[in-house]
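Below is one structure, written out as structure tokens; the observations come after it.
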Amino acid sequence: MGRPNGEIMTTILKAYFEAFNAGDTSAMLDCLTEDVAHHVNEGQIRVGKVKFAEFCAHMSHCYKEELTDIVLFEAEGGSRGAAEFIVNGTYLATDAGLPEAHGQTYRLPAGSFFDIRDGKIARVTTYYNLADWIRQVSK
């Protein structure tokens, strides 16, 4: 008898967030399906691991972030989940169309939603308040 779907979801999401906090893009990619749909806040949907890895490389260049106060939620059946967390970050390099970076720090509540398929993350949708982030880094 296999593990319940909810346990699989919790395990994969914990691994995903641990990899994020370790800055380990390769381990994050191991948590994803090949055709993962990555819905970013205020951006386009990126499909596939290659696009996800490109996004992570860009983010690592511009930002240093650690997620804390992570709370995981799961839908009945374990095929969908969510996480609420605090993004603790440093703005390292100016990102196009955003305020100039000079090492500003920020603390931002955020959330992500997930679809789980065959024990992997098939969709990641992340939301945060961009206006709040801009206010924090514009000081």
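The numbering of the sequence shown is the numbering used here, which starts it at 20 and goes up by one. Ideal placement from N, C-alpha and C gives every residue a C-beta, glycine not left out.
Reduced DSSP secondary structure (H/G/I, E/B, other) of Ala-76: helix
Arg-126 vs Asn-107 beta-carbon contact at 8 Å: yes
Closer than 7 Å by C-beta to Thr-144: which residues in its own chain qualify, once you throw out the five before and the five after it? Chain order, please. His-58, Ser-131, Phe-132
Return helix, strand or coil for Lys-139, following the three-state DSSP convention. strand
For Ala-115, tell me which candidate among His-77, Glu-93, Gly-97 has the shortest Cα-Cα distance. Its Cα nearest to that of Ala-115, the residue His-77 stands out among His-77, Glu-93, Gly-97.
Would you verify that the beta carbon of Ala-76 is, or is not, closer than 8 Å to some beta carbon of chain C? Any reference to chain C falls outside this structure, which holds one protein chain only.
Cα-Cα separation, Cys-81 to Cys-75: 10 Å
Continuous alpha helix (DSSP H) stretch holding Asp-151: start and end: It spans 149–156 - the alpha helix (DSSP H) in which Asp-151 sits, taken as one unbroken run.
Could you compute how far the alpha carbon of Pro-128 sits from the alpha carbon of Gln-155? 12 Å
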